[in-house]
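Inspection log for the structure reproduced underneath, given as structure tokens.
In the numbering used here, the protein residues as written are 3 to 440.
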């Protein structure tokens, strides 16, 4: 029998275990987010046989959301003869009941090098087949990054050299409702797979428009520890980098192909009304701007983007609609509009934008981008350094980020800034629906 759960089922649902080398949600994470209404009985579906749970699907959403945003755990007992068939039936039943305007995406967390492990290939294989069977046929491979202070990390004190006196922490704002339009960029702090050994609650997608930032794993059975996990020595700073006074581990900018990325919301920038000049290279100025100015930068950054979701949205809806959707999303996310900054040269020439972010779990890089005519000059390093410096000065012990595996320039920028790859995530979504002109 396939059905949605009730509150009386919660202990049984939490007790379900997964013995495959793949990201999954454990009892502690499930109970914590269930208490915050990010998991709910009506979003939790099970299949039973002889009174035993043989399959479980956990959809996640914002505490005040009307619909779930993503599926972050799907398991079917190995004793089931056709796992794909049962998983497909389970997903179809849940998705039909939700009535969401956009089908929730499915996120699967994996370890690096997973394609070389037959057990992992098998685990993702039947899940992928079930996702495709219910219409989630678009897939993107994402890299998750993490920055931690470590032994040589960025000091957490305010007022770092050149940082224009960053204010103290104002606390992590609560989740905000997600706009109802399709293909929203960014993420809303979705917990993800509970499973990577050595990792500790890493959320946050960066550069995944339309995705939901997942905190990380709590113990993936059979997997190996991932580099860059919280508390691992050497997780901050790039070997050989010179760094900046007061910012150990932050690299000096080098020429690179600048890339934009988008992700979760939140964080805070420099003190309101203060224009700060970056101390990594000192080539850029970060200042406040009106909404229309930001909208124009969102438009320009979207052009030529390497981010799969942004490219998809531009192709489907055009640059204008994509830019407005992205900006509206971030305006509705946790945090304050006053944290946003536009990056310019000292002469006032536009370079890009900085929208620091957070999830309900950790601080996150959020959205950053360089306009087309300024790309290839290393500005992405300085912009990323500004976001990292801000979060660290505000006391962040973990800063997360993600980008498409295909977005090599952005991935390289994270590595130069001391971010370490901690997880690989496969994201399955429904193809965009092209609305014919009337």
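The beta-carbon is built from N, C-alpha and C at its ideal position, and this holds for glycine as well. All of these numbers come straight from a predicted model, not from anything done at the bench.
So, helix, strand or coil for residue i, using DSSP?
{"i": "residue 355", "result": "strand"}
{"i": "residue 48", "result": "strand"}
{"i": "residue 329", "result": "helix"}
{"i": "residue 315", "result": "helix"}
{"i": "residue 36", "result": "helix"}
{"i": "residue 118", "result": "helix"}
{"i": "residue 254", "result": "Since pLDDT at residue 254 reaches only 34, below the 50 mark, its modelled position is unreliable, and the value read off the structure follows with that caveat. In this structure, residue 254 counts as coil in the three-state DSSP scheme."}
{"i": "residue 423", "result": "strand"}
{"i": "residue 297", "result": "helix"}
{"i": "residue 430", "result": "strand"}
{"i": "residue 24", "result": "coil"}
{"i": "residue 57", "result": "strand"}
{"i": "residue 345", "result": "strand"}
{"i": "residue 141", "result": "strand"}
{"i": "residue 5", "result": "strand"}
Report the option in the options whose CA atom is closest to the CA atom of residue i.
{"i": "residue 330", "options": "45, 294, 372 and 346", "result": "294"}
{"i": "residue 303", "options": "84, 354 and 409", "result": "354"}
{"i": "residue 127", "options": "101, 148 and 23", "result": "23"}
{"i": "residue 363", "options": "116, 336 and 124", "result": "336"}
{"i": "residue 102", "options": "116, 67 and 90", "result": "67"}
{"i": "residue 309", "options": "350, 370, 125 and 332", "result": "370"}
{"i": "residue 71", "options": "40, 80 and 352", "result": "40"}
Can you give me the C-alpha to C-alpha distance between residue i and residue j, rounded to a whole angstrom?
{"i": "residue 44", "j": "residue 5", "result": "9 Å"}
{"i": "residue 122", "j": "residue 316", "result": "34 Å"}
{"i": "residue 202", "j": "residue 31", "result": "Any reading at residue 202 is ruled out, since the residue's pLDDT is 30, under 50, leaving its predicted position unreliable."}
{"i": "residue 311", "j": "residue 429", "result": "11 Å"}
{"i": "residue 296", "j": "residue 322", "result": "13 Å"}
{"i": "residue 112", "j": "residue 140", "result": "18 Å"}
{"i": "residue 10", "j": "residue 74", "result": "22 Å"}
{"i": "residue 57", "j": "residue 415", "result": "40 Å"}
{"i": "residue 396", "j": "residue 287", "result": "20 Å"}
{"i": "residue 368", "j": "residue 341", "result": "12 Å"}
{"i": "residue 456", "j": "residue 42", "result": "It is not possible to answer for residue 456, since the shown part of the chain is limited to 3 through 440."}
{"i": "residue 365", "j": "residue 393", "result": "7 Å"}
{"i": "residue 387", "j": "residue 55", "result": "48 Å"}
{"i": "residue 314", "j": "residue 334", "result": "22 Å"}
{"i": "residue 17", "j": "residue 285", "result": "54 Å"}
{"i": "residue 124", "j": "residue 350", "result": "54 Å"}
{"i": "residue 13", "j": "residue 20", "result": "16 Å"}
Below 8 Å between beta carbons: does that hold for residue i and residue j?
{"i": "residue 82", "j": "residue 88", "result": "yes"}
{"i": "residue 427", "j": "residue 383", "result": "no"}
{"i": "residue 61", "j": "residue 35", "result": "no"}
{"i": "residue 78", "j": "residue 131", "result": "no"}
{"i": "residue 389", "j": "residue 358", "result": "yes"}
{"i": "residue 144", "j": "residue 361", "result": "no"}
{"i": "residue 8", "j": "residue 15", "result": "no"}
{"i": "residue 69", "j": "residue 100", "result": "yes"}
{"i": "residue 413", "j": "residue 385", "result": "no"}
{"i": "residue 298", "j": "residue 343", "result": "no"}
{"i": "residue 142", "j": "residue 90", "result": "no"}
{"i": "residue 325", "j": "residue 301", "result": "yes"}
{"i": "residue 47", "j": "residue 59", "result": "yes"}
{"i": "residue 64", "j": "residue 431", "result": "no"}
Run the proximity test for residue i: is its beta-carbon closer than 7 Å to any non-hydrogen atom belonging to the ligand COA?
{"i": "residue 115", "result": "As presented, the structure is devoid of all ligands, the ligand COA included, so that no description of it is given."}
Open item on the list: Between the region 419 to 438 and the region 85 to 100, can you find at least three pairs of beta-carbon atoms closer than 8 Å?
Closed with: no
TODO: Could you tell me whether the region 107 to 126 touches the region 396 to 416, where touching means 3 or more Cβ pairs closer than 8 Å?
DONE: no
Open item on the list: For the pair the region 50 to 67 and the region 404 to 412, tell me if three or more CB-CB distances fall below 8 Å.
Closed with: no
TODO: Determine, using beta-carbon pairs with one atom in the region 316 to 327 and one in the region 373 to 393, whether at least three such pairs fall under 8 Å.
DONE: no
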